[in-house]
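Number of protein chains: 2
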Amino acid sequence: MDSDAVRVLVVEDDAVLRSCIRDGLTDAGYQVRAEPDGSAFPALVETFRPDLAVLDVMLPGSSGLQLARHLRAHTDTAVLFLTARDAVADRLAGFEAGADDYIVKPFVMAELLARTRAVLRRSGKLRSGRLQVSDLLVDEDAGEVIRAGQPVQVTATELRLLCYLARNRGRVLSKTQILTQVWGYEAYDPNLVEAYVSGLRRKLETNGDRLIHTVRGIGYRMNQAEPQMRAS
Amino acid sequence: MDSDAVRVLVVEDDAVLRSCIRDGLTDAGYQVRAEPDGSAFPALVETFRPDLAVLDVMLPGSSGLQLARHLRAHTDTAVLFLTARDAVADRLAGFEAGADDYIVKPFVMAELLARTRAVLRRSGKLRSGRLQVSDLLVDEDAGEVIRAGQPVQVTATELRLLCYLARNRGRVLSKTQILTQVWGYEAYDPNLVEAYVSGLRRKLETNGDRLIHTVRGIGYRMNQAEPQMRAS
DNA sequence: CAGGTTCCTCAGGGAACCCTCAGGTGGCCG
DNA sequence: CGGCCACCTGAGGGTTCCCTGAGGAACCTG
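Protein chains in written order, with our numbering: chain R, 1 to 232; chain G, 1 to 232.
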């Protein structure tokens, strides 16, 4: 359900180790996809769009090095190798293929997590401002709003307001609150908020459903994401 | 040329190892400053402005961890620890202090260089290789820009700006950010950035499509041209 | 030293945006 | 059912922001 989470793609043929890594990364809050081999790799990269790939070097079928080169050529995905081969030449080959880090088995999960965090921090993948409410995606870093897959153009002020609402989704926000937090005003001009909510609604609620709810006499509220089946 | 080189600050108390590292990094083309301890550290950070710091953890006087925290708090300098302590807890403490990588002695110079390159590439400090955004190809080393197969001549400043935008594609960059990162200014003269964006657009957007998007009230953004195949 | 290129500043025009206002709309309560 | 009040929304003025051509200063280059 955390679709604003950082996505990690794991490719490891050892089943025990694979589920171990998956659980560890999942517990750390990442959205994880674990594969036993690289057969579906290019397609997965397209659809899953991982921020980080944790790759075993020795894989049935194709080498992890090939996968890394594919990532480096086509994407900005970070690469972390995970291997039993401890020779210096192997490590150099890994970095040559574009790795960001290289961990030798056996390892402890804590170090994998620490290195994962370090790599993600450096590559700017630890997203701060990226919020999702149902089919609305607000990317504050990119200054971009996407509704049902379609990008929507909003102004700077509209974006600030939308971010504030999305961050506090599920809570009712008074107009005074909104004014002080979004505009920094002390003054109280409720119509300013009303006007901007109106503008946002016109741009976002094209298919009729209500995103920003009016709570009469109190303020506005943006609903939580629909209660879907929580698999995890 | 040399003032353009990547700067590396080494702090290592062992004299033999220190000169060994210095020579290796120097031969690799870096501008190196080597210190036996952290006594002059804050001043050096100010004047030398290193892109990367290679720190020994065990130092006479202050710990390398303290130096790393100082860097992390005040600068964007990358940190690479270099230590004889091989316990997992030590490594975790290193990453906790904000390290980008952690190498255990003894090591071979080739691996230090490989990891150095990986860290610098990720932190955007390395003028490495080619950046590709849709049909735009930027070769920072050769100072070459190719758009739709046709070479485009750009000046040195235009190239730096273009690289910075391409490296941070997908996110909005404020003019202040651009000024400090591309020009190194503290001052705020937005028109300087506007003028150069204007020039780049004239040279690059000859076929009408927009490469550099202006996000009014916020800054500029170069889109990462990837097919939106996300089936929700 | 002359010529060319590059870097930066300046200022005018134009467009986008922010906010206000006023009339319209719809819910709530007597 | 009628009045009141809160909310909605289209229009417009003032302002800010952005683009771009022109030009001087500084820097190579021959």
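C-beta: ideal position from N, C-alpha, C; glycine also.
Quick one: grab the DSSP three-state call for D222(R). Reading off the sequence, residue 222(R) comes out as Met, not Asp. Of the three classes helix, strand and coil, the one that applies to M222(R) here is strand, per DSSP.
State the beta-bridge partners of S236(R) as determined by DSSP. Limits of chain R in this structure are 1 at one end and 232 at the other, which puts residue 236(R) out of reach.
Quick check on T157(R) - is its C-beta less than 9 Å from some C-beta in chain G? Closer than 9 Å to some Cβ of chain G, the Cβ of T157(R) qualifies, so yes.
Could you tell me if the beta carbon of T176(R) falls within a distance shorter than 8 Å of some heavy atom in the ligand GTP? Looking at this structure, you won't find the ligand GTP or any other ligand, since it has none at all.
Do R169(G) and T206(G) have their C-beta atoms closer together than 9 Å? Contact: no.
Reduced DSSP secondary structure (H/G/I, E/B, other) of V182(R): Under the three-state reduction of DSSP, V182(R) is assigned to helix.
Tell me, which residues are paired with A53(G) by DSSP? Answer by DSSP bridge pairing, in chain order: L9(G), V79(G).
Contact between the stretch 9-22 of chain R and the stretch 83-92 of chain R: three or more CB pairs below 8 Å? With a cut-off of 8 Å, the stretch 83-92 of chain R and the stretch 9-22 of chain R do not count as touching, because too few Cβ pairs lie within range.
Quick one: Cα of V57(R) to Cα of D139(G), how far? Spanning the alpha carbons of V57(R) and D139(G) requires a straight line of approximately 29 Å.
Would you please state the rounded distance, in angstroms, between the beta carbons of L55(R) and L82(R)? I believe it to be under 8 Å. Between L82(R) and L55(R) the Cβ distance is about 7 Å, and since that is below 8 Å, they are a contact.
Using a Cβ-Cβ cut-off of 9 Å, state whether Q181(G) counts as contacting chain R. For Q181(G), the nearest beta carbon of chain R is not closer than 9 Å to its own beta carbon.
Rounded to whole angstroms, what's the CA-CA distance from D23(R) to R49(R)? Just pull it up for me. Our two residues, D23(R) and R49(R), have alpha carbons roughly 20 Å apart in a direct line.
Can you tell me where the beta strand (DSSP E) with V32(R) in it begins and where it stops? Boundaries of the beta strand (DSSP E) around V32(R): 31-35.
Would you tell me roughly how many angstroms separate the C-alpha atoms of G199(R) and C163(R), rounded to the nearest one? Rounded to whole angstroms, the gap between the alpha carbons of G199(R) and C163(R) is 15 Å.
Opening and closing residue of the beta strand (DSSP E) in which R133(G) lies: According to the sequence as given, residue 133(G) is Val; it is not Arg. Looking at the DSSP string, the run of the beta strand (DSSP E) that includes V133(G) is 130-133.
Please list the partners that V108(R) has in chain G, where partner means a Cβ-to-Cβ separation under 7 Å. Near V108(R) (Cβ distances below 7 Å), the residues of chain G are V88.
Compute the beta-carbon to beta-carbon distance between L80(R) and D51(R), rounded to the nearest angstrom, for a pair I have assumed lies under 8 Å. With a beta-carbon spacing of about 11 Å, L80(R) and D51(R) fall beyond the 8 Å limit used to define contacts.
Along the stretch 50-64 of chain R, where does the CB come closer than 8 Å to a CB of chain G? Name the residues. Close to chain G, meaning a Cβ-Cβ distance shorter than 8 Å, is no residue of the stretch 50-64 of chain R at all.
Our contact map puts V11(R) next to D37(R) with C-beta atoms below 8 Å; I'd like the distance itself, whole angstroms only. Indeed they touch by this definition, with Cβ atoms about 7 Å apart.
Apart from the five residues just before and just after D2(G), which ones in its own chain have a Cβ nearer than 6 Å to its Cβ? Reliability of the predicted coordinates at D2(G) is poor, the pLDDT of 41 falling under 50, and the value obtained from them is presented with this limitation in mind. Contacts found: none.
Would A255(R) and A97(R) be called neighbours here (beta carbons separated by less than 9 Å)? Any property of residue 255(R) remains undetermined from this structure, which presents chain R solely from 1 to 232.
Residue nearest to R171(R) in terms of C-alpha spacing, selected from Y220(R), Y185(R), R117(R): Answer by Cα proximity: Y220(R).
Nearest-angstrom beta carbon gap, T157(G) and Y196(G) [assumed within contact, 8 Å]: Indeed they touch by this definition, with Cβ atoms about 7 Å apart.
DSSP three-state call for D101(G): helix, strand or coil? DSSP places D101(G) in strand when its eight states are reduced to three.
Alpha-carbon spacing of G64(R) relative to A118(G), whole angstroms: Taking the CA atoms as reference points, G64(R) sits about 17 Å from A118(G).
Give me the Cα-Cα distance between N223(G) and A53(G), rounded to the nearest whole angstrom. Distance from the CA of N223(G) to the CA of A53(G), rounded to the nearest whole angstrom, comes to 32 Å.
Interface residues of chain R around L44(G) at Cβ under 8 Å? Under the 8 Å cutoff, chain R gives no residues; its nearest Cβ is about 22 Å from L44(G).
Is any beta-carbon of chain G found at less than 9 Å from that of D141(R)? With 9 Å as the cut-off, D141(R) counts as an interface residue toward chain G.
Would you mind stating whether Q31(R) and A15(R) have Cβ atoms separated by less than 9 Å? No, Cβ-Cβ distance for Q31(R) and A15(R) is not below 9 Å.
Chain-ordered chain R contacts of A80(G) [CB-CB under 8 Å]: A quick correction: the sequence has Leu, not Ala, at residue 80(G). For the C-beta of L80(G), not a single chain R residue is nearer than 8 Å; the gap to the nearest is close to 11 Å.
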